[in-house]
Amino acid sequence: MIGNFGCQACAAGLSRREEYKKTEGRRRRSVRRRGKRLASWRTERSLASKRIHKISTLTATSMSPSWLSTAASIGMAVGPPLVYADQAASIIRKRDATGFSRDVCAILLLANITRCFFWLGNHFELALLIQSVLMILAQLALLYICIRYRPTTSPENFGTSTRPFSFWQWSTYTQYIEFLAGFILLEAILFLILGRSKVFVSLLGFVALGLESTLPIPQLISNFKQRSLYGFRRQRNINMPRIS
2 MIGNFGCQAC AAGLSRREEY KKTEGRRRRS VRRRGKRLAS WRTERSLASK RIHKISTLTA
62 TSMSPSWLST AASIGMAVGP PLVYADQAAS IIRKRDATGF SRDVCAILLL ANITRCFFWL
122 GNHFELALLI QSVLMILAQL ALLYICIRYR PTTSPENFGT STRPFSFWQW STYTQYIEFL
182 AGFILLEAIL FLILGRSKVF VSLLGFVALG LESTLPIPQL ISNFKQRSLY GFRRQRNINM
242 PRIS
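Each residue of the sequence shown is one higher than the one before, starting from 2 at the first, in this note's numbering.
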């Protein structure tokens, strides 16, 4: 009797163990199915999010017309050089360059020539490079006009310049061109030797920016000496450098 009871207890225990294994197996399969469904849902959600982002990007691109960007680049390239057209027209109209400091031309020519060499080592926006080239041409033209209509009291007319080598107070336009050609040649040689150095390229950018930041100084000195704003065009204030 005791033996039969023990056999029945063992059978009941085995039955419960098998039932537990079956239950645990069903639970694990259910968990795996839920995990697969959750992973599938997350994948679909991620794909949908990517599709929405792609559509929104394409929509934003199509809403910003390319002509607007082109017009902004053209304005950035042409605007600053055109500011000096008014100064040139004023000098030609009066046939007198009194009141305008030619040192402004020197600063802009040297700064923009240096910036062109800086572009060779560190390509910035093309519109700014075109701006520099146009500014060089504009300042060469303005310098020629200033020399042609220079005041009769200019130091070069009497040989009374107090600057070393009469710098930027020469009597002929050719002398200015010769100096600029020598300056370009010097920077070209230095760039060929040191152009691969990041320090040298950064120094070119610093020199260009530093020169241009002094742009208001010569005109301020000229106005102070004259005790007058005669010959100074207020429109030129638009092109005064802004340091950020």
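A virtual CB, placed ideally from N, CA and C, is assigned to each residue, including glycine.
Considering only residues of the same chain and omitting the five flanking positions on each side of residue i, which have a CB-CB separation below 7 angstroms?
i, result
"GLU126", "none"
"MET136", "PRO81, PRO82, LEU109, ASN113"
"TRP171", "GLU157, TYR177"
"ASP104", "TRP169, PRO219"
"ASP97", "TYR150, PRO152"
"GLN227", "GLY100"
Within the continuous alpha helix (DSSP H) that includes residue i, where are the two ends?
i, result
"GLN170", "That residue, GLN170, is in no alpha helix (DSSP H); it is neither H nor E in DSSP."
"ARG116", "104 to 122"
"SER229", "Looking at the DSSP string, SER229 is not in any alpha helix (DSSP H), and its letter there is neither H nor E."
"GLY211", "199 to 214"
"ARG149", "127 to 149"
"THR71", "67 to 95"
In chain order, what residues of the same chain have a beta carbon less than 8 angstroms from the beta carbon of residue i, not counting five sequence neighbours either side?
i, result
"PHE6", "Low local confidence applies: a pLDDT of 48 at PHE6 is under 50, so the model's placement there is unreliable, and no value is given."
"LEU191", "PHE201"
"SER102", "PRO219, GLN220, ILE222, SER223"
"PHE225", "none"
"ARG33", "none"
Between residue i and the rest of its own chain, which residues show a CB-CB distance below 6 angstroms, the 5 nearest in sequence each way excluded?
i, result
"SER133", "ASN113, ARG116, CYS117"
"ALA139", "PRO82, TYR85"
"ARG29", "none"
"LEU195", "PHE201"
I'd like to know whether the C-beta atoms of residue i and residue j end up nearer to each other than 9 angstroms.
i, j, result
"GLY100", "SER203", "no"
"LEU129", "LEU212", "no"
"ALA107", "TRP169", "yes"
"ILE131", "ALA73", "no"
"TYR174", "LEU143", "no"
"PHE119", "LEU205", "yes"
Touch test, the stretch 197 to 213 against the stretch 117 to 124, Cβ-Cβ under 8 angstroms, three pairs minimum
yes
I want to know whether the stretch 141 to 156 touches the stretch 89 to 100 - three or more CB-CB distances under 8 angstroms.
yes
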